[in-house]
């Protein structure tokens, strides 16, 4: 029947074609008869299967299915639609209706199948793909939802909403690279969409692409700054509230995110500069640039009332214009703390104490951590205990541990012990807290309790790893300890006194259980005879450890990592013994705890089993039996401590710091050196202080912490004021490339060098000068100006693009050393770079002046040696090249290429050969001038490896 029906339809189609053909012929004939030429009909081209009208039978079934659907007979409608699909699987309307029915029946899986099939029949139907996405997303089929978004974008690639959906799906699937690509596509269409910028920044931060994340907001800030150049009559900036894709908007939330990125970059100086500038810009005070001259943040507190410029300001009666959101104030405090401006940081942190603790609990905890990490444990407790008072029920163990650490380092051992016991009772598997409690027992001469707790920790860890290795005796031992812990911990709730000074309320001894029986013995002082005996034992042990250290010292030279590990272990024990003696730190008793901090940080880098073994060894060897302060027997006029001379102790500290640095533990090395420099037996010897400073600089340099190197060399310069070699060390310790420029031209160096120049001038002129640095050696006299100091400041200004202001200092230097090639080169570059700036008064005269100094530089430098001659020729060529005088540049580039290096049988050292740089620049000249043959020759001869 179907075959016959097919033949019928075929015959009808043929008849239809013939009739159309006949009609066309008649029309053409009529057109010819009338003399009018008929335009040929435009062909529709190929018609898709989906656009073809279905057969009469299918249309009839489709009508019946529609009626069934409208009457609520879903099953009949589904049966009819399935019959239609069996007859013709390309009926778009059948699948659409089927999807609608399944949606009404809440069967999203079948609805998605039907709708995706309909979309495949009409792939250019964007609405269908969007509906498929929504169904796939609702079902949690994120991979399929991504495909549906891609099909929708194939129809319209500039649909921002679909791009955003797909990007978020990629992010949910942890495909961050694809997500970032989609967000970047959105930003090309809507460059100021702050939601997309935030999402993209989050991805960049998670990928550790911090510079790209910060650049997103830096560019937005720049564009917003440019867009807000028009001002209203009151002087405040007008911000267009248009769409996100039309007008750049930069507010407090964007500033907060940018500051957060800078925190992750540890760009503390940039945080201060950005927050201060943008806050003024948002408040419409961008013209008050004089705030940048202050070294503090007085504009955000009452100190501004004492400033003359503020009292003359038109905005002085608008206090709201000088306020800062709490989040940003805290970040400003973090930056100040890391820039060693602790007083300013504490001032910022103090403002949050007036805010609701519950609302800003996370900031309270972060401030406490920051202060604790910087060694301000008393101040950190102020914030931790505010959080502790807020908690009406269970105190989080993380907070209790932080409080315990602070109490430990301020020597309130009773409170620290109670805090650790609280953590032990609430989290029995926190073995790190239990270890710290055992360490506290050992430091307070409760070795039996310490040993018992260490054994318990070891058994518990073994039980967790493999329960079968625990014997019955071990189980009994653990049960006894747990019973004692329960007696100590049951009912312990952390209740703070009204004045928030203590971790527990009431008599803490009543909560200790069996441990309280030993309280009377806990803080008893030893007799003089006992001290002498214990000192002798400790001396014997220290000497054995020192001998062991020397043996490992020889093995370390062979490159053995095992020897390095053991050497560090022994050095840690010895340095810890030295730093326990308070008589070495008489000025401030809290300095003793710097030693504890160092060893604690070092200890945390070992795994728990190693730390347990280390503490067990100390208890067994009775090294911890010798108490701090008075227990160490130190006769007057001694030159050694426990059998080791102070020179040897000093060498031990220096070598310990260097070995730590080489093993990527620079932070600990830095703490060791700071502690060593505060010991009276070391800082009373100026030679040792200088060596310690140089070792500290070396460690920072080895760790590539060039910011720290710069700060340390400045401190070294303070003790060696106007020393030429010290200034050379300051420059020589810089890194290479752009980072060196950034560090050298920093604001701190700029101010420091200027103050030193003013101090030098005050000596020469024999009068005080405002802003001059303090002169440490009052007997210091000299008549000539310090050329190196002037050149360094001039070059610092050149790097800051202050070319004209740098010239007076450089000209002063050249008057002292008229034939110094470096000074001549610096003056020449200042003139030339000033000449090529957009705003300049007499460009040609400046170029002539610059080239005059360049020629003098070339004549002097080229006579100093073959390497210097090549350098001078290259600098001449580069200067002409920068000015566009390629003909003159060509001559000197050829001169550079004429020198032969050692590989070619010449005298130029390969490491200092400039031929590759000259050849690259020369091929650029050839390429621009259209001489491809010579450019290729340069590449083949000099640039091909």
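In this note's numbering, the protein residues as written are 444 to 1388.
Glycine included, every Cβ here is placed at the ideal spot set by N, Cα and C.
{"Query": "Span of the alpha helix (DSSP H), counted from its first residue to its last, around residue 709", "Result": "That residue, residue 709, is in no alpha helix (DSSP H); it is neither H nor E in DSSP."}
{"Query": "C-alpha gap between residue 683 and residue 670, whole angstroms", "Result": "Because residue 683 sits at a pLDDT of 38, beneath the cut-off of 50, its placement in the model cannot be relied upon, and the following sentence gives the value as read from the coordinates. Answer to the nearest angstrom: the Cα atoms are 9 Å apart."}
{"Query": "Reduced DSSP category for residue 693 - H, G, I as helix; E, B as strand; rest coil", "Result": "coil"}
{"Query": "6 Å CB neighbourhood of residue 1304 in its chain, flanking five on each side removed", "Result": "1264, 1311 and 1315"}
{"Query": "Start-to-end residues for the alpha helix (DSSP H) that takes in residue 533", "Result": "It is not in any alpha helix (DSSP H) - residue 533 carries neither H nor E in the DSSP assignment."}
{"Query": "Entirely enclosed beta strand (DSSP E) segments - the region 847-922, minimum 3 residues", "Result": "none"}
{"Query": "Rounded separation between residue 1398 and residue 900 - CA only", "Result": "Here the chain has residues from 444 to 1388 only, and residue 1398 is not among them."}
{"Query": "Residue 1020 - DSSP class collapsed to helix/strand/coil", "Result": "helix"}
{"Query": "The region 1147-1158 in contact with the region 1174-1191 per 3-pair CB rule at 8 Å", "Result": "yes"}
{"Query": "Straight-line gap, residue 1230 to residue 1307 (C-alpha atoms, nearest Å)", "Result": "20 Å"}
{"Query": "Residue 733: first and last residue of the uninterrupted alpha helix (DSSP H) it sits in", "Result": "Segment: none, residue 733 is in no alpha helix (DSSP H) and carries neither H nor E."}
{"Query": "Per-residue DSSP class, three states only, for residue 1084", "Result": "strand"}
{"Query": "Exposure label - residue 838; buried when at least 16 CB within 10 Å", "Result": "buried"}
{"Query": "Uninterrupted alpha helix (DSSP H) stretches inside the region 494-526 (no shorter than 4 residues)", "Result": "499-513"}
{"Query": "Distance, residue 1351 Cα to residue 1333 Cα", "Result": "21 Å"}
{"Query": "DSSP-derived helix/strand/coil call for residue 1191", "Result": "helix"}
{"Query": "Span of the alpha helix (DSSP H), counted from its first residue to its last, around residue 1312", "Result": "1309-1325"}
{"Query": "Three-state class that DSSP yields for residue 1351 in the structure shown", "Result": "strand"}
{"Query": "Contact set for residue 581: own chain, Cβ-Cβ below 8 Å, skip 5 residues either direction", "Result": "551"}
{"Query": "Residue 1013 vs residue 992 beta-carbon contact at 9 Å", "Result": "yes"}
{"Query": "Residues of its chain near residue 818, where Cβ-Cβ distance is below 6 Å and the 5 sequence neighbours each way are ignored", "Result": "none"}
{"Query": "Whether residue 398 touches residue 1111 by CB criterion (9 Å)", "Result": "This structure gives no information on residue 398, because the portion of the chain shown stretches from 444 to 1388."}
{"Query": "Contact the region 1357-1370 vs the region 1326-1340: 3+ CB pairs below 8 Å", "Result": "yes"}
{"Query": "Rounded distance between the beta-carbons of residue 773 and residue 814, thought under 8 Å", "Result": "Contact flag wrong, Cβ pair sits at about 12 Å."}
{"Query": "For residue 1344, the residue or residues it bridges with in DSSP", "Result": "1351"}
{"Query": "Residue from 1092, 730, 699 and 753 with nearest C-alpha to residue 775", "Result": "699"}
{"Query": "Rounded C-alpha distance that separates residue 952 from residue 897", "Result": "Caution applies to residue 952, whose pLDDT of 35 falls short of 50 and renders its modelled position unreliable; the value that the coordinates give is listed next. The straight-line gap from Cα to Cα measures roughly 22 Å."}
{"Query": "Range of the contiguous alpha helix (DSSP H) that encloses residue 1115", "Result": "1109-1121"}
{"Query": "Rounded separation between residue 469 and residue 554 - CA only", "Result": "With a pLDDT of only 43 at residue 469, under 50, the local geometry of the prediction cannot be trusted, and the value read off the model is given with reservation. Distance between the alpha carbons of residue 469 and residue 554: 51 Å."}
{"Query": "Reference residue 643, options 632, 616 and 610, closest by Cα", "Result": "610"}
{"Query": "Exposure of residue 541, with buried meaning 16 or more beta-carbon neighbours within 10 Å", "Result": "buried"}
{"Query": "Nearest-angstrom Cα separation, counted from residue 810 out to residue 792", "Result": "7 Å"}
{"Query": "Meets three-Cβ-pair contact criterion under 8 Å: the region 1152-1172 and the region 1193-1207", "Result": "yes"}
{"Query": "Nearest candidate by alpha-carbon position, reference residue 1219, set 1226, 1161 and 726", "Result": "1161"}
{"Query": "Simplified DSSP assignment, three categories, for residue 669", "Result": "helix"}
{"Query": "For residue 1251, three-class secondary structure by DSSP", "Result": "helix"}
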